[in-house]
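Report on one structure; see the data block that follows.
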Amino acid sequence: MKICFIGLGVMGRPMAKNLLKAGHELHVFDVVPKAIAELVEAGAIAEENNKAVAAASEVVITMLPNSPHVKTAILGANGVLEGKHEGMKIIDMSSIAPLATREVGKACAEAGVPMLESPVSGGEIGAINGTLALMCGGEKALFDELSPILEIMAGSITYCGDLGAGNTTKLVNQHIIAVETAMVAEAFVMGAKAGVKPEVVYNAIKNGYAGSKVLDGKLAMAMDRNFKAGFRLDLHIKDLNNALETGHALGAPMPLASLVMDEMKFMSATGYGSEDSAVVMRYYEQIAGVELTRGM
0 MKICFIGLGV MGRPMAKNLL KAGHELHVFD VVPKAIAELV EAGAIAEENN
50 KAVAAASEVV ITMLPNSPHV KTAILGANGV LEGKHEGMKI IDMSSIAPLA
100 TREVGKACAE AGVPMLESPV SGGEIGAING TLALMCGGEK ALFDELSPIL
150 EIMAGSITYC GDLGAGNTTK LVNQHIIAVE TAMVAEAFVM GAKAGVKPEV
200 VYNAIKNGYA GSKVLDGKLA MAMDRNFKAG FRLDLHIKDL NNALETGHAL
250 GAPMPLASLV MDEMKFMSAT GYGSEDSAVV MRYYEQIAGV ELTRGM
């Protein structure tokens, strides 16, 4: 199948490569020439803009940072809809605000192009290994039709409902990860201040109710002092901001998310925005004057 992939960032590059490995003809575009060159070397075909990749493809996949980028890529000048043709379909795998998803989806429908949303969770490792968790929204028949493509990039796929339900589910996911990361930091820093080694506490609690993938993954980054981005802090701030806006619009209480947002923004403002969102743990370390290192 002829597929186009727009957005070759930390997540998009390995996702696109998995489509190539599965034998699909892949057309690509990104605003960063180096990212395009890497995919061309892997076997993809470069196009000059979003319109061109869409015109060359049966299925258009977008994996972009935020709502404005998706709107520009699909609805803007030289955008995907300008390259529309009979039978073309869109899968937006970006994590954006549910209202923006519905807005873009409505414009696509009016242009005669069906759109499915499929935001992802699992970080760079999940993208590389093809084990991402996908949260899909849109027409069920379209989901069923496009699932074989999604399965190449996924370890699990959940159909969440109508367009917007996928990104709502993703916001729930991002909300939990953000707050839980902060809670892990707060609790483990308290333990470290009391003189108990982080790995001792971790080994004691990891198989109980406090155990989780967030505990396993984010705490390991702190103990190894390796905050190389699997998911950048600034992108998590974007997701949490979308969650807060959605919650406030719906009248849902969001006190914990608001607190963690302030901590994340502080860390971004002090130069950590490009590191993994686990770097919020340093906020607690700096206040307490300890580091959650192994063997402390």
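Numbered per numbering that gives the first Met the number 0, the sequence shown finishes at 295, counting up by one with no gaps.
Think of the CB as a built atom: it goes at the ideal place given N, C-alpha and C, for glycine as much as any other residue.
It should be emphasised that the depicted structure is a prediction, and the values quoted were computed from it without experimental measurement.
Which residue or residues does DSSP assign as beta-bridge partners of residue i?
i, result
"Asp-91", "Thr-61 and Glu-116"
"Ile-175", "Paired residues: none, contrary to the question."
"Phe-142", "Looking at the DSSP assignment, Phe-142 forms no beta bridge with any residue, so it has no partner."
"Ile-5", "Phe-28 and Thr-61"
"Ile-35", "The partner list for Ile-35 (beta bridge, DSSP) is empty, contrary to what the question assumes."
"Asp-238", "For Asp-238, which the question treats as bridged, DSSP gives no partner whatsoever."
"Asp-275", "Arg-231"
At what residues does the beta strand (DSSP E) containing residue i begin and finish?
i, result
"Glu-24", "24-28"
"Ala-296", "In the structure displayed, the chain extends from 0 to 295; residue 296 sits before or after that span and is not available."
Nearest to residue i by alpha carbon, out of the options?
i, options, result
"His-23", "Glu-37, Met-62, Gly-11 and Ile-44", "Ile-44"
"Leu-145", "Leu-170, Leu-115, Thr-167 and Lys-169", "Leu-115"
"Gly-246", "Ser-66, Pro-97 and Lys-105", "Pro-97"
"Met-152", "His-174, Ala-268 and Ile-60", "Ile-60"
"Gly-294", "Asn-77, Val-259, Ala-219 and Tyr-282", "Ala-219"
"Arg-224", "Glu-290, Lys-205 and Met-260", "Glu-290"
In three-state terms, what does DSSP make of residue i?
i, result
"Ser-155", "strand"
"Asp-223", "helix"
"Met-297", "Any answer about residue 297 is impossible in this case: the structure gives the chain only from 0 up to 295."
"Gly-246", "helix"
"Asp-233", "helix"
"Gly-210", "coil"
"Gly-82", "helix"
"Gly-160", "strand"
"Val-200", "helix"
"Met-182", "helix"
"Thr-168", "helix"
How many whole angstroms separate the CB atoms of residue i and residue j, which I take to be in contact at a CB cut-off of 8 Å?
i, j, result
"Ala-287", "Lys-192", "5 Å"
"Val-279", "Ala-181", "6 Å"
Which stretch, first to last residue, makes up the alpha helix (DSSP H) that contains residue i?
i, result
"Met-14", "11-20"
"Phe-265", "254-266"
"Glu-47", "Counting along the chain, Glu-47 falls outside any alpha helix (DSSP H), and DSSP gives it neither H nor E."
"Val-69", "66-74"
"Ala-96", "Run containing Ala-96: none; DSSP gives neither H nor E here."
"Ala-125", "Note on identity: in this sequence residue 125 is Gly, with Ala being the wrong assignment. Counting along the chain, the alpha helix (DSSP H) containing Gly-125 begins and ends at 122-128."
"Met-280", "280-287"
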